[in-house]
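Residue numbers (full-length UniProt numbering), protein chains in the order written: chain U, 1 to 443; chain C, 1 to 443; chain V, 1 to 443. In this text, a Cβ means the ideal position worked out from N, Cα and C, and glycines have one as well. The model shown is predicted, which means the values in this text are computed figures rather than measured ones.
Here it is in structure tokens:
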């Protein structure tokens, strides 16, 4: 069924057309494969991540040199790290980067020195309210160094001399990002963007990366009305970079979704675009409303992920953000507890399906014209009017046909018709297909 | 008071200006007169119906030849029927058209033959859920024949040989419809349309026919701003025919009502036009809201009566549909139980009044201009400002005058002013009349 | 702080920037000073009132001759009164103008005669439902005379001969009004208007007069974006006169407030402008919504005070009306009970603050443009991005900065941004000031 293309998939049959169990395991496997890497906004961790994604899809890797000006910003130095630890006075590694890449404040400058507990503490970060968890901290735009550790371990530190070592480099290099473009029948694009700059954090970052990758993989096997552009970028600086270097392409982007936090058990959350009432906003609301799961639709606010940049006033793109539990709303956020237990295969698969449904409706949400707009055409002589009545399905199909004829005046998309009629998008789409086949409708 | 014309009727006095008892009996009498005729979408039953209506109003009869193309449709053959029966093996008429014209599937081709019970049953239709009622069935666009009977009778049929006879003809002829045009001060028209193609069915068909006839009779005795066009047509094919043959006149239709199902005891139902917020929609909502009776206002949907055609996207006229219980919502619908007991004189009269109120407000819902738009004019020196205060009525009149002055800026009709002020349309209309008389307002 | 000008006042600090106790006493003192004067729509009582106001602000006094035509109206004769009384047959003054100027029907023609109780009663007015109070009555546009007295006194009148004397004059003269114009950076004006024609009535008239005077006094010591025009005018004929004689200036009036009934203990009431959704309507709603006091916002209706004229269709100005208890809603209205006990210093001061807050927000409710509209500017390098997170206030400030950047696209005022973000106007204004200082925003 996949080979038939998005346009021929019946949404109601969608769950059947995918092997959900396979999808859920593949998504989870990709998250697991990416988990150990120490990503940052630049550096080899990002490059290795893209290499793993290239095992699934032939994405392009872009390298933007340090110092490149991108709007008000400048591409920073490239950061890489080989090792890091804290040894106690007995020479025992009590904090070890190889155990968790969260132990090092991301973008820490190199350091190797001995210092007292008092001096060390100025560089230590913990979460007293979750004493077993390691926090995730960064210092991208201010040169400094530090370690993160559990508060319980912190409390047990003895007043002795410590050796700290961060074997990192912060030097001119590149900002790396991944891009994958699937051409469609139209040059109009749908943008799918996910930040890819967090180290071992599963929900916030890896879930979106994995779902974007599999959506791309699926769409690459179909033919669609829209073109699709996928971006795996470092947060903030990555979208700014892409927008600055690709301004000529921005006008092609008609709709977009930022994907993140899609692997936990929370209900779905859709954050609207700044324009608030665009087609992607309507489609997302329609899919969530009809998903028979709990959900929340929230207004745009200029914080969060890269929708901040896509929706900045100079671009104001129709880009929303699809999440389950939003950033900051779950205690595991930006801690070592956002791990492979926090995300689960079935939640990833549900998110994949919701995202897919949105793209399916978007792609099929066309405007048609009734070729016989004056009065109803005689459906009976074409055999598409029920003759003897019938069961509820055929009545709905009949009504779907009448609604599509009545509202196909150039002002209503199929989704508009579905919403005004209260009939499902699939039946409306099906009715449009029947009417097209009988030459009663045109695009 | 009738002779003064619609424009001079005070709506509050409307019930008094009609002799409601007379009206209710006249309406019921007309329904009773029309009840026995075997109407169909063509044929002599339709012609005889129009002849009876001509005893009340001088409507024109139009005949459109079989084969005439009307948009996507073609005028069908004319159907007439003289007699029909089923005889049992003893030669006893067990089903007899002369007892009820519902016994024959409307538009049945002629047949005269003997057949077994088993063969006969393929042509019999009943209502198991209402075993005493005869269903109403048609087969306009597929040539066939059949009988309708009560389910109880059906169950008692013996396994014997039967003689069936339908003495009908289905031949080239005409589609007949009635039209009545009342010219007004303006060429802008209000359309009143009712389907007239059902045989002995009282609520669904005869109630609307009777009310349209008496509204026409009343309006013909008055002078109105609007012109009025009344149509008594076969459902679907009739409105399509009129629209196809009168396209040049369609632009004159500014407002319209389809009248049907107006004789039962149910609450009023107004189905909005496709545009949903036109003047007739506002007027109908206003009248029902202020009628102190239960009512329902429903959105347009492309099913029901001839509003389907008037509201097809190529015309998209401001035509709503006024009913009491809507088609399909009452069990008697399309059965022999929709009879002279199901409709009652007082319900017909109430419907007449609601319809009349809507037309009254529509006709008087003009836009005026305050001739002194800068500050209030000095009402006191003209004797139209209360001097010493007074009772509630005069205060309301005072406020009505101030509201009309304040909102007569070319953007507000009298109904807009009534709704914004919360003062009744009559008091607002009365205030406008006073201000016109004092040369403070102009049209 | 007053000397810094409105634009530099932080609304949250407003209560601190005023000495509320001083303000409340000053307002109440002015009301008390004005209370004894017998004002009317013309005459010396009005002139003396303006003289007292001139002790606070250098307002201009305008005199418009009797007979001047102002739109549909004519300036009436000037009315003055020296004394008035009713003596009983023993020559005792039982009703004495010097005790209360409400005793004489305002605009009574001169009279001096003897008459019977029966004759006298035709000229007496009382309030049976409040038998101790003296009603307030006028007869501006119909020459007559009369006395008002308590119903209890009325009931005790003996059947004897009475001497009535009204030592008034009704002669060609002038209509007097006060005007005070404070030029701002822009010629766009805010109009503050209050009727000043009622005699000893505190809430209905003196409260608005006093607050307008102190607002004017305060604004005269500041520099504002807007110019301000204050009018102390007789009700109805005064605003009609000003509008008729100053039509060329009307276009400068961008916003306005009619002030009245602002000294009682009732909740605040804002009556919207006729346009209903103008900036002053939004600002007033915002201030009341955020005032933590009960309030009511009511729609415009063409009755009440001079907003009737400002909002007549030929002008349709964005002028609302700020009150506490609206006219007619409190029993003391237009009676001797609307006295110095009915208004209280603290209520006057609260009203002053609400009015001031509205003018403050109006004055600062500008539209800015983000100078870096494509993506967010890098706040960190300018030191205006939080480095290590922080307490709630700094988070709000951070969000305020992001909101102002995101919505400063030329379509949103600061109030729009405050309302969409849910952040207080002050924080939004503060963020705009910071961004302006960093050259990230322009006007």
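Listed as beta-bridge partners of residue 229 of chain U by DSSP are U:181, U:191.
Contact check for residue 419 of chain U and residue 295 of chain U: beta-carbon distance about 17 Å, past the 8 Å limit, so the pair fails to qualify. Looking from the CA of residue 273 of chain V, the closest CA among V:110, V:322, V:262, V:113 belongs to V:322. In the structure shown, the three-state DSSP call for residue 294 of chain U is coil.
Put simply, the backbone Cα of residue 217 of chain V is about 21 Å away from that of residue 319 of chain V. Residues 200, 202, 206, 340 of the same chain have their beta carbon placed closer than 7 Å to that of residue 35 of chain U, with the five preceding and five following residues left out of the count. DSSP places residue 307 of chain C inside the alpha helix (DSSP H), whose first and last residues are 307-310. Within chain V, the residues placing a beta-carbon under 7 Å from that of residue 73 of chain U are 378, ordered along the chain.
When C-beta distances to chain C are compared with 7 Å, every residue of the stretch 290-318 of chain U stays at or above that value. Residue 69 of chain U and residue 75 of chain U have their alpha carbons spaced roughly 6 Å apart. Of all residues in the stretch 117-143 of chain V, those with a C-beta nearer than 8 Å to a C-beta of chain C are 141, 142, reading in chain order. Within chain V, the residues placing a beta-carbon under 7 Å from that of residue 402 of chain C are 302, 303, ordered along the chain.
For residue 416 of chain C, none of the residues of chain V pass the 7 Å Cβ criterion, the least Cβ distance being about 13 Å.
In this chain, residue 116 of chain U is not harboured by any alpha helix (DSSP H); it is covered by the beta strand (DSSP E) spanning 111-116. Close CB contacts of residue 416 of chain C within its chain, under the 8 Å cut and outside five residues either way in sequence, are with 407 (chain order).
A direct Cα-to-Cα measurement between residue 374 of chain C and residue 240 of chain V gives close to 8 Å.
Taking CB atoms only, residue 427 of chain V has no neighbour in chain C less than 8 Å away.
Within 8 Å of the CB of residue 240 of chain V, the CB atoms of chain C belong to 375, 376, in sequence order along the chain. When DSSP reads this structure, residue 148 of chain U sits in a beta bridge with U:125. The secondary-structure analysis by DSSP pairs residue 169 of chain U across a beta bridge with U:80. For the stretch 236-261 of chain C, the set of residues with a beta-carbon nearer than 7 Å to any beta-carbon of chain U comprises 240, 243, in chain order. For residue 409 of chain U, the nearest CB of chain C lies under 8 Å from its own CB, placing it at the interface with that chain. Rounded to whole angstroms, the separation of the alpha carbons of residue 402 of chain V and residue 143 of chain U is 24 Å. For residue 321 of chain V, the three-state secondary structure derived from DSSP is strand. Under the DSSP assignment, residue 351 of chain U falls in the alpha helix (DSSP H) whose first and last residues are 345-364. Beta-bridge partners of residue 85 of chain C (DSSP): C:96, C:165. Among the residues of chain C, those whose CB is under 9 Å from the CB of residue 372 of chain U are 71, 72, 312, 314, following chain order. A straight-line Cα-Cα distance of about 10 Å links residue 219 of chain C and residue 184 of chain C. Among the residues of chain U, those whose CB is under 9 Å from the CB of residue 406 of chain V are 274, 300, 301, 302, 308, 311, 312, 313, following chain order. Note on geometry: alpha-carbon atoms of residue 138 of chain V and residue 428 of chain V lie some 49 Å from one another.
Within the stretch 336-369 of chain V, contact with chain U at the beta-carbon level (separation under 8 Å) is assigned to no residue. Residue-level contact by beta carbon holds for residue 399 of chain U and chain C, with a gap shorter than 8 Å.
In the three-state reduction of the DSSP assignment, residue 154 of chain V falls in the helix class.
Fewer than three pairs of CB atoms, one per stretch, sit closer than 8 Å, so the stretch 81-92 of chain U makes no contact with the stretch 52-62 of chain U. By the Cβ neighbour-count rule, residue 430 of chain V is buried, with 16 or more other Cβ atoms within 10 Å of its own.
Here DSSP, grouped into helix, strand and coil, assigns residue 63 of chain C to strand.
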